[in-house]
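Asker:
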Amino acid sequence: MNREQYTKMLKDLGRIRREGGDVSAYLAEIRKQYKYVYVYNDSIFKILFGQPGGMQATAQLLNAVLKLDGAQCITELKFVDPAVQGGPGIKSITSDIVADDQKGDRIVLEVQHIGGSLFRNRLVFYVARHTSRLIPPGEDKYIMPSLNLVSLQMFDAYPESGNYRHTIQLRNQESSLFTDRQTLTLVEVEKFRKERFEGDHCALAEWLRFLDAINNETVGEVSDPLLKDLQNRAKLSNFSDRYFMAEEERMTDIGYEIAVAKEEAAKEAAAEAAAEERKAMAKGFRDDGVSMDIIAKQTGLTKEEILAL
Numbered sequence: 017m018n019r020e021q022y023t024k025m026l027k028d029l030g031r032i033r034r035e036g037g038d039v040s041a042y043l044a045e046i047r048k049q050y051k052y053v054y055v056y057n058d059s060i061f062k063i064l065f066g067q068p069g070g071m072q073a074t075a076q077l078l079n080a081v082l083k084l085d086g087a088q089c090i091t092e093l094k095f096v097d098p099a100v101q102g103g104p105g106i107k108s109i110t111s112d113i114v115a116d117d118q119k120g121d122r123i124v125l126e127v128q129h130i131g132g133s134l135f136r137n138r139l140v141f142y143v144a145r146h147t148s149r150l151i152p153p154g155e156d157k158y159i160m161p162s163l164n165l166v167s168l169q170m171f172d173a174y175p176e177s178g179n180y181r182h183t184i185q186l187r188n189q190e191s192s193l194f195t196d197r198q199t200l201t202l203v204e205v206e207k208f209r210k211e212r213f214e215g216d217h218c219a220l221a222e223w224l225r226f227l228d229a230i231n232n233e234t235v236g237e238v239s240d241p242l243l244k245d246l247q248n249r250a251k252l253s254n255f256s257d258r259y260f261m262a263e264e265e266r267m268t269d270i271g272y273e274i275a276v277a278k279e280e281a282a283k284e285a286a287a288e289a290a291a292e293e294r295k296a297m298a299k300g301f302r303d304d305g306v307s308m309d310i311i312a313k314q315t316g317l318t319k320e321e322i323l324a325l
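Residue numbering for the sequence shown follows our numbering, starting at 17 and increasing by one per position.
#1: I'd like to confirm the pairing. Which residues does DSSP put opposite threonine 110 in its beta bridges?
#2: Under 9 Å, do glutamine 198 and leucine 186 count as touching if we go by C-beta distance?
#3: Roughly how many whole angstroms lie between the Cα atoms of glutamate 263 and glutamate 233?
#4: Can you tell which of Ala75, Asp97, Leu163 and Tyr174 has the C-alpha that lies nearest to the C-alpha of alanine 144?
#5: How do the segment 214-228 and the segment 75-83 stand: do at least 3 beta-carbon pairs fall below 8 Å, yes or no?
#6: Would the beta-carbon of valine 124 fall within 9 Å of that of valine 114?
#7: Out of Lys244, Tyr142, Glu20 and Ser40, state which residue places its alpha-carbon closest to the alpha-carbon of valine 100.
#8: Using a Cβ cut-off of 9 Å (strictly closer), state whether serine 59 contacts chain D.
#9: Kindly list the residues whose CB is nearer than 7 Å to the CB of histidine 129, restricted to its own chain and excluding five residues on each side of it in sequence; keep chain order.
#10: Straight-line CA distance for valine 276 to proline 175?
#11: Between which two residues does the beta strand (DSSP E) carrying glutamate 126 extend?
#12: Let me check understanding here. Comparing Cα to Cα, which of Leu26, Ile46, Glu237 and Val53 lies closest to asparagine 18?
#13: Quick one: residues in its chain with C-beta nearer than 7 Å to the C-beta of leucine 150, no 5 flanking neighbours on either side, listed in chain order?
#14: Give the single residue among Ser59, Gly103 and Ala73 whose Cα lies nearest to the Cα of aspartate 112.
#15: Okay, do the segment 207-219 and the segment 31-47 touch, 3+ Cβ pairs below 8 Å being the bar?
#16: Which residues bound the alpha helix (DSSP H) around arginine 19?
#17: Quick one: Cα of asparagine 98 to Cα of alanine 291, how far?
#18: Let me make sure I understand the geometry here. Which of Ala87, Met25 and Arg47 has the alpha-carbon closest to that of lysine 251?
#19: Here's a check: name, in chain order, each residue in its chain whose Cβ is nearer than 8 Å to the Cβ of threonine 201, leaving out the five neighbours to either side.
#20: Just confirm the distance between the C-beta atoms of methionine 308 and lysine 295, as a whole number of angstroms; I'd bet it's less than 8 Å.
#21: What is the DSSP secondary structure of threonine 91, reduced to helix, strand or coil?
#22: Could you work out which residue in Leu325, Ala289, Ala287 and Glu288 is closest to phenylalanine 301 when comparing CA atoms only?
#23: Report yes if the C-beta distance between glutamine 49 and isoleucine 90 is below 9 Å; otherwise report no.
#24: I'd like the list of long-range same chain contacts for aspartate 28, defined as Cβ closer than 7 Å, with 5 residues on each side in sequence excluded.
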């Protein structure tokens, strides 16, 4: 079941419930039509990858995402509370999955469905909040484990890039690493799915193909015990009618996020249009011989920005 099919199912559930229809009969037909759930749905992803029973699959997925091999590999994960409580004037957050590996380093795993500046601001804020939890109160030496926030994205963060995996760290203007204590690892799932990357056979590519095959109902029988277990746990028959009804009610929260994202995108577009208009105005003034001070005052641009036009 892909994202569109899963969303349609939940919308149909809501309509049937409001009309007093037979929800169980509808879901019985859905189970005849589809064999698997949509893996990248937030709550389903948490069930498949955020519980002790799926720890080995999660470790292998993270090894693939982070390109770890040999002695560097994650062999054990201890899942911790994904919520970071705020204080006065500080927003609380809840990530999808948070775990510590056998070395004590922390990994945050997010599935992101909404792009634009909203996701960037959210991830930067999440990194800050999770980092703040790594140093015990009263600790003045600022010795802390590494934090790696992994974001599996259903949109392109770098549409101009030919890569679908991106590692982001703090660096200076010469690209020298400032610290390796904070890392953002972005995986553009939709870019991989659309552009295929057929020549890429790295572990991450194989994982993405496997998960995509589950979503598209094209997955066959697999021999790897770990993948076979994950495949079985992703079967639609494992999820109750009550679970899907709760998911349908939760769609109001998803709708709110989408509305916020659309509003944010509209604001970005308006700001970009206004900036282009100011630049065009400044260029026209400059070409007409208007003084630099007047142009700067009228457009809000700096003299350097005006000269660069």
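A virtual CB, placed ideally from N, CA and C, is assigned to each residue, including glycine.
Answerer: Let's see:
#1: Ala99
#2: yes
#3: 21 Å
#4: Leu163
#5: yes
#6: yes
#7: Tyr142
#8: Structure shown: chain D not included; a single protein chain is present.
#9: Met170
#10: Residue placement at valine 276 is poorly supported in this model, since its pLDDT is 49, which falls under 50; the coordinates are not used for a value here.
#11: 122-128
#12: Val53
#13: Arg122, Met160, Pro161 and Leu163
#14: Ser59
#15: no
#16: 19-34
#17: The sequence given here places proline at residue 98; asparagine does not occur at that position. Whole-angstrom Cα-Cα distance: 39 Å.
#18: Arg47
#19: Val81, Leu82, Asn164, Leu165, Val166, Ser167, Arg181, His182, Thr183 and Ile184
#20: So it is not a contact: roughly 15 Å between Cβ atoms.
#21: coil
#22: Leu325
#23: no
#24: Tyr42
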